[in-house]
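Chemist:
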Amino acid sequence: MSRGTGFAGPQAGGPLGGQGVTRSARPWGPYMREFHHARLRRAPLSPCRQALRLRGGLMRYPPLTPVYCALFLLMGAGMSANFASKAYRASETLDWETGSAQILSSGVKPASDRQDDCYEPIATYSYKVQGRHFTGQNVRASDSCLSRSESEQFQAAFKKGDTVAVYYDPGYPSEAVLEPGKLSFNDWIQGIAGLVITVSALLMGIEVLRKR
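Note that the sequence shown covers residues 3 to 214 in the working numbering.
1) Quick check: the region 170-183 against the region 64-75, are at least 3 beta-carbon pairs closer than 8 Å?
2) Under a three-way DSSP split, which group does Ser4 fall into?
3) Among all the DSSP beta bridges, which residues are the ones paired with Ile215?
4) Looking only at DSSP bridge pairs, what is Lys111 linked to?
5) Run the CB neighbour count on Ile194, radius 10 Å, all protein chains shown included, and call it buried at 16 or more, exposed below.
6) DSSP three-state label for Phe160, please.
7) Determine the contact status of Tyr169 and Leu148, defining contact as a CB-CB distance below 8 Å.
8) Would Lys161 pass as a contact of Ser108 if the rule is Cβ separation under 8 Å?
9) Which same chain residues, not among the five before or five after Ala86, have their C-beta less than 6 Å away from its C-beta?
10) I'd like to confirm the pairing. Which residues does DSSP put opposite Glu99 in its beta bridges?
11) Check whether the Cβ of Ala113 lies closer than 7 Å to any heavy atom of the ligand FAD, and answer yes or no.
12) Anyone know if the C-beta pair for Gly80 and Ala203 falls short of 8 Å?
13) How big is the Cα-Cα spacing for Thr137 and Trp190?
14) Just mark Ala125 as buried or exposed, buried being the case when its beta carbon has 16 or more other beta carbons within 10 Å.
15) Classify Leu197 as helix, strand or coil using the three-state DSSP reduction.
16) For His135, which option in Gln192, Ser102, Val201, Arg150 has the closest C-alpha, if you only look at C-alpha atoms?
17) Let's test the definition: count the other Cβ atoms within 10 Å of the Cβ of Gly173 and tell me whether it reaches 16, buried, or not, exposed.
18) Where does Arg134 sit, in a helix, a strand or coil, going by DSSP?
19) Quick one: Cα of Leu56 to Cα of Pro65, how far?
20) Are the CB atoms of Ser176 and Glu152 within a distance shorter than 8 Å?
21) Using the three-state DSSP reduction, which class does Ser26 fall into: helix, strand or coil?
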């Protein structure tokens, strides 16, 4: 027998049936694993692990998950529908008649009820259609939320006293815009965000229904 902590050879009549115990066997291993598992059982679950707990090898979602999916689906669909409506109205102005208008006043104002980087364009202009005088205030087909750079470009393009192109509806000449077919950068962000939220909520809802 060697003087080390293990045995150099087999021991007759031992519990291992003649097989020697080496240092790599580590008989305390099962106890360490049990201690580690006990710590894991006592450790608090993170919010993500609480939302998606493993049970029987399958994901178990909280009971209100379908409600959350439905709410996000409605929110995303509403954002996408709003963007689609703005895009449709903007596309219609591309077919309107063109005339000349004089800028009476113009500027931008911060939108107090929206995010900080949001400015509403303001303009008043006069134009004539078939001898009739009209005054317009629409810059685009729908309300726009301009970024800081877009607001600076707008103020540089439409100054008081300038003569600019105006686009009016031939059937209703009182309806006119200065920038046809345009959507602001924030409108595009809203449209993309609505699409992402809608698709994500739809896929999550399908996954939840599959595992119920």
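No residue lacks a Cβ here, since even glycine has one placed at the ideal position from N, Cα and C.
Modeler: On the basis of the supplied data:
1) no
2) Its pLDDT being 46, under 50, Ser4 is placed unreliably in this model, and the value from its coordinates should be taken loosely. Ser4 falls in the coil class under three-state DSSP.
3) The structure shown has nothing for residue 215, since the chain only spans 3 to 214.
4) Glu122
5) exposed
6) coil
7) no
8) yes
9) none
10) Tyr170
11) The ligand FAD is absent from the structure shown, which contains no ligands of any kind.
12) no
13) 29 Å
14) buried
15) helix
16) Ser102
17) exposed
18) strand
19) Legend: pLDDT at Leu56 = 45, less than 50; position of this residue unreliable, no value from coordinates given.
20) no
21) A caution first: Ser26 carries a pLDDT of 48, below 50, which makes its placement in the model unreliable, though a value can still be read off. In this structure, Ser26 counts as helix in the three-state DSSP scheme.
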